[in-house]
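Chemist: These protein sequence lines map, in sequence, to chains C and U.
The opening position of the first sequence corresponds to residue 137 in the working numbering, with each subsequent residue numbered one higher.
The opening position of the second sequence corresponds to residue 1196 in the working numbering, with each subsequent residue numbered one higher.
Idealized CB from N, CA, C, for every residue including glycine.
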Amino acid sequence: MVILGISAFFHDAAAALVVDGEVVAAAQEERFSRKKHDAGLPVLAARFCLAQAGLTIEDVDRVVFYEKPLRKFERILVGHLREFPRSLPQFPRSLATWLGRRLWTKGDLCRGLGCTPEQVLFCEHHLSHAASAFLCSPFERAAVITVDGVGEWATTSIFRGGPGSDGKGASIELLAELEYPHSIGLLYSAITAYLGFEVNEGEYKVMGLAPYGRPRYRDEFAKLCTVGDDGSLAIDLKYFSYHRHPTRSFTPELERLLGPARVPGSPLHPLNASGEDQRFADIAASLQELTERYLLALAGEAHRLTGEPNLCLAGGVALNCVANRRLDREGPFAELFVQPAAGDAGGALGAALWATHVLLGLPRREPMKHAFLGAAWAQEDIVTFLGDCGVRFRVFGDARDRDEEVARRLAEGEVGGWFQGRFEWGPRALGARSILADPRAPGMRERVNRKIKYREGFRPFAPAVLDGEAARWFELDGGKPDHLTPFMCSVVPVTEEGQQVLPSVTHVDGTARVQRIEREHNPVFYDLVDAFRERTGVGVLLNTSMNLKDEPLCASPAEAYGVFVRSDLDFLVLERCLVEKRPEKHHEERREERHQWRAS
Amino acid sequence: MIAVAAPSSLMVRLVAPLVWRSDVKIAAKLEGFAATEAGSALDMLKAAELTDDPALRRLFFRHALDEARHAQLFRAAARRIDPRGRDAGGASEYRLIHATRQNLFERYGLVRFVAFVHLAELRGESQFRALRDHFRAGSDGNDLGELFARIAREERFHVAYSGKLLADWRREGRAREVWQAVARVRFTRAFDAWRRIGRVFGDHATRLLLGLLYLVLLPLFALIQRRRDPVRNGWKRGRRGHEMNTLTDARRQF
Ligand SMILES: [Fe+2]
Ligand SMILES: [Fe+2]
Ligand SMILES: [Fe+2]
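1) Quick check: the Cα distance between R352 (chain C) and P178 (chain C), rounded to an integer number of angstroms?
2) List the residues that DSSP assigns as beta-bridge partners of R1423 (chain U).
3) H261 (chain C): beta carbon under 7 angstroms from a heavy atom of ligand 1?
4) Using 8 angstroms as the limit for Cβ to Cβ distance, is D302 (chain C) near chain U?
5) Are there any heavy atoms of ligand 1 lying less than 7 angstroms away from the beta-carbon of D284 (chain C), as far as the coordinates show?
6) By how many angstroms is the C-alpha of A547 (chain C) removed from the C-alpha of E670 (chain C)?
7) Determine whether the beta carbon atoms of A163 (chain C) and G510 (chain C) lie at a separation below 8 angstroms.
8) When we look at the beta-carbon of T362 (chain C) and count the other beta-carbons within 10 Å, is it buried (16 or more) or exposed?
9) Taking its Cβ as the centre, do 16 or more other Cβ atoms sit within 10 Å of G579 (chain C), making it buried, or is it exposed?
10) Is S1321 (chain U) near ligand 3, in the sense that its beta carbon is under 7 angstroms from a heavy atom of that ligand?
11) Which residues bound the beta strand (DSSP E) around I1221 (chain U)?
12) Determine the DSSP secondary structure at Q424 (chain C), reduced to helix, strand or coil.
13) By how many angstroms is the C-alpha of D686 (chain C) removed from the C-alpha of E1320 (chain U)?
14) Rank C:E337, C:S319 and C:A312 by C-alpha distance to the C-alpha of L360 (chain C) and give the top, closest one.
15) Judging by CA-CA distance, which residue of C:L463, C:P205 and C:G332 is the nearest neighbour of W289 (chain C)?
16) Report all residues from its chain with a CB closer than 8 angstroms to the CB of E695 (chain C); omit the five preceding and five following residues, and keep chain order.
17) What runs of the beta strand (DSSP E), each 3 residues or longer, lie entirely inside the region 606-690 of chain C?
18) Using only the heavy atoms of ligand 3, determine whether one of them is closer than 7 angstroms to the beta carbon of D1261 (chain U).
19) Please list the terminal residues of the continuous alpha helix (DSSP H) segment that includes C361 (chain C).
20) Select from the region 1381-1407 of chain U all residues with a C-beta closer than 7 angstroms to any C-beta belonging to chain C, and list them in chain order.
21) Any heavy atom of ligand 2 within a distance shorter than 7 angstroms of the CB on S1357 (chain U)?
22) Leaving out five residues before and five after R1432 (chain U) in sequence, what residues of the same chain have Cβ atoms less than 7 angstroms from its Cβ?
23) To the nearest angstrom, how far is it from the Cα of P622 (chain C) to the Cα of R652 (chain C)?
24) Counting only Cβ-Cβ distances shorter than 7 angstroms, please list the residues of the region 1222-1240 of chain U near chain C, keeping chain order.
25) Decide if G411 (chain C) is buried, meaning its Cβ has at least 16 other Cβ atoms within 10 Å, or exposed.
26) Residues of chain C with CB closer than 8 angstroms to the CB of R1252 (chain U), please, in chain order.
27) Could you name the residues that DSSP lists as bridge partners for A573 (chain C)?
28) Please give me, in chain order, every unbroken run of the alpha helix (DSSP H) with length at least 4 that falls completely inside the region 254-326 of chain C.
29) By the 10 Å Cβ neighbour count, where 16 or more other Cβ atoms means buried, how is A1236 (chain U) classified, buried or exposed?
30) At a threshold of 7 angstroms, does H1313 (chain U) count as lining ligand 2 (C-beta to nearest heavy atom)?
31) What's the gap between the Cα of R1324 (chain U) and the Cα of A1344 (chain U)?
32) Under 8 angstroms, do G285 (chain C) and G452 (chain C) count as touching if we go by C-beta distance?
33) Between the Cα of R1446 (chain U) and the Cα atoms of C:F258, C:L224, C:F275 and C:S377, which residue gives the shortest distance?
34) Check W561 (chain C) in the structure and name its three-state DSSP category.
35) Going straight from the alpha carbon of A417 (chain C) to that of L689 (chain C), what length do you get?
36) Report the residues of the region 227-241 of chain C with a CB closer than 8 angstroms to any CB of chain U, ordered along the chain.
If you want it as structure tokens, here you go:
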């Protein structure tokens, strides 16, 4: 049974292919189109998924879209009616988008992917999210919470996942849902915009800013929304305009309550914060606190409704790894699972898995153990590419030599790109397309932020740690199964020794968004970090995604090379090839080359 | 520089004194160049990746490195000149690095891609030469004349090699194909400009129409809606809990 899942037309379009219950490939469209958060029909990603499996669209039994377009359209229309006449600014724009494109989703899918209308199915947005978490989780049964901006109508849902009714496949039963416009996700985005960051992009920055502040605005935030004892949420809409304005998501009322909004792009130095910067950090902290408190209330309700010991979490809000950690520690559930592509991209995978196991009753296979579901490039192809391009490079005889050389360079303070195997599914680099550095070097965070990633100096970097060393550097809950850190879905305190030794990956509040590497599931990256441990005694590396600011993660060797030449990276490793920065080619040599072409 | 819409050098000469009049404006323009050059670098790199021909791959790759370096030169100059200073929170530094790939090689195929590169580089080169003259004449103190001279020199290499490729293909009996590719690039450029205007106009017209529709048609429905269906607060439970997991429901878009 071959099922192709598709998410598109909102943000983060993606495709995922499930063959007989096994996830064969999954990728976001942005990795191929190089448009960050590309929301268009994921034709390239779908083509890749099929090629990876050696199949064509004719071999696909079902194409499953991750939401119900017409129900979403209904919500948009009702929203305009409710807000009449204040929705006038938004109405023409949103209706034009719908009439122009989204209403014809089925036809678009058929034209773009070459499938037939009979092949196409639709799965509800939050059900797709729920399936993406539960059906990838190691749990046979679990409570499932999905929280995002908004799907069709739902903004927050509680499901119960378990075996199928006749013992076959799986079931996912909706128990309760909150409806638009009451949405913690949209509130988070509105405050993100208020803090001068781009919506759907700046949420991470708000999370990174929060530890610089204190939640001094608790009372003000209590006016913005009410969290019920039953985990429900009621937003006071007088502070927000996301439901009626195309670009502005908050009202002047919010500025009266919290003070003037931050001008986008204006300087922000939270570390030596003066008045305004401190106020913004405090607002971020208050928002973070509210989010955590809300998720805990929600988990309480989900636990009460389901009685299940374990929890799966999905939707954009599940990308808040600080909140995830708190939920894991303080929530009523024994274990927590978050699938790495928790946002809308993950809907493609969820839709495909839902059709496979819930709709068609195929038995569940292995839980998701790694996120390397993207495209790979063979060593021979890389050698040919570099050779053709005239790049000077070295090839290592074996992986061990390569790892030792890279470990040495990193230990000496160099920063390098690391390109290995299939690229990651989800927003995090987990050792396939990474930029690596020594976490012990004090100035390293500054250097990587300013010279390589070109991003805000206050944003932290994540450590990748060997499984066996994790407890030495980070305060993990020993003894409790931990499903979050292999996918970098949680933020944990750094131990006292860790804070002294690893300044470049310790955030201002003494925490880190750690990736725990298990050799069984991520052997190539594990061996590299292990080589670094052998040399330095520290089994930790600074690991950040191989891209520049506002660009998607690299997919191909050429794109990796593009990052390499446009930044201050010292070296780049492509499979077993090593490319170094060297001084500009001699001027004379270049002139000669140019001359050759003009003469002919 | 392989921007879709680079202005002609006459245009550049005419508007240069207006556009390049203050340090802030100059820095902003240079930032724009940096972004375009960086985008070109990404497109050339992709072309290098996708082509099978080792000789072409090498040329495209070299071209990509040139453009990446141009981006860096423009970026460095912008940072030097920007009176807001290099440490204005680094905000402008982030903007400078931003680059978008247009996926031209995939969209156009080899011959049309090279035709596009050739024409775009021709324009880019003459634009930079015009700017070189503008800044040399004005002794700007920022050495921008030299910067543009250096970059224009390298753009000449891009013009030369792409022109030679086209000439080689013509000689190999593909004259018609090359002629068509060049014509299509010229046409597309004109058409794109027209379409951009058309789209802006069309967007406005559509919006105006929909805005009118809103004012005329919606009041009544809004009234009914408000009576029948107020905002739902709190949990909604038990909506078709199992029904949504059937094949019949899965076929529906609502
Ligand atoms: Fe979502
Ligand atoms: Fe050029
Ligand atoms: Fe250039």
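Modeler: On the basis of the supplied data:
1) Rounded to the nearest angstrom, the two C-alpha atoms are 43 angstroms apart.
2) Here R1423 (chain U) is not bridged, per DSSP, to any residue.
3) Remark: the C-beta of H261 (chain C) is in contact range of ligand 1, defined as less than 7 angstroms to any heavy atom.
4) With 8 angstroms as the cut-off, D302 (chain C) does not count as an interface residue toward chain U.
5) Yes; taking the cut-off as 7 angstroms, the Cβ of D284 (chain C) has a heavy atom of ligand 1 nearer than that.
6) Our two residues, E670 (chain C) and A547 (chain C), have alpha carbons roughly 11 angstroms apart in a direct line.
7) Yes, the Cβ-Cβ distance between A163 (chain C) and G510 (chain C) is below 8 angstroms.
8) So T362 (chain C) counts as exposed.
9) G579 (chain C) should be labelled exposed.
10) No, the Cβ of S1321 (chain U) stays beyond 7 angstroms of every heavy atom of ligand 3.
11) Here I1221 (chain U) belongs to no beta strand (DSSP E); instead the alpha helix (DSSP H) covers D1218 to L1245.
12) In the displayed model, Q424 (chain C) falls within a helix according to three-state DSSP.
13) Near 29 angstroms, if we compare the C-alpha coordinates of D686 (chain C) and E1320 (chain U).
14) Sorting C:E337, C:S319 and C:A312 by C-alpha distance to the C-alpha of L360 (chain C) places C:S319 at the top.
15) Of C:L463, C:P205 and C:G332, the smallest CA-CA separation from W289 (chain C) is found for C:P205.
16) So the qualifying residues of the chain are R170.
17) Correct list: 651-653 and 676-681.
18) The answer is yes for D1261 (chain U).
19) Counting along the chain, C361 (chain C) sits inside no alpha helix (DSSP H); it lies in the beta strand (DSSP E) bounded by residues C361 to V363.
20) Answer in chain order: T1401, R1402, L1405 and G1406.
21) Checking the Cβ of S1357 (chain U) against ligand 2 gives no.
22) The beta carbon of R1432 (chain U) sits closer than 7 angstroms to no other beta carbon from its chain once the five residues preceding and following it are set aside.
23) About 5 angstroms.
24) Hits within the stretch, in order: A1233, A1236, L1237 and L1240.
25) Residue environment analysis places G411 (chain C) among the exposed positions, since fewer than 16 neighbouring C-beta atoms fall within 10 angstroms of its C-beta.
26) Correct list: F521, D524 and C525.
27) Under the DSSP definition of a beta bridge, A573 (chain C) partners with C:L678.
28) Runs of the alpha helix (DSSP H) spanning 4 or more residues and lying entirely within the region 254-326 of chain C occur at 261-270, in chain order.
29) It is buried - the Cβ of A1236 (chain U) has at least 16 other Cβ atoms within 10 Å.
30) Not so, every heavy atom of ligand 2 lies at least 7 angstroms from the Cβ.
31) A direct Cα-to-Cα measurement between R1324 (chain U) and A1344 (chain U) gives close to 7 angstroms.
32) G452 (chain C) sits close to G285 (chain C), with the two beta carbons spaced by under 8 angstroms.
33) C:F258 is the residue among C:F258, C:L224, C:F275 and C:S377 whose C-alpha sits nearest the C-alpha of R1446 (chain U).
34) Residue state for W561 (chain C) is assigned as coil, using DSSP reduced to three classes.
35) Their backbone Cα atoms lie some 28 angstroms apart in a straight line.
36) Closer than 8 angstroms at the C-beta level to chain U, one finds these residues of the region 227-241 of chain C: F227, P228, R229, L231, A232 and T241.
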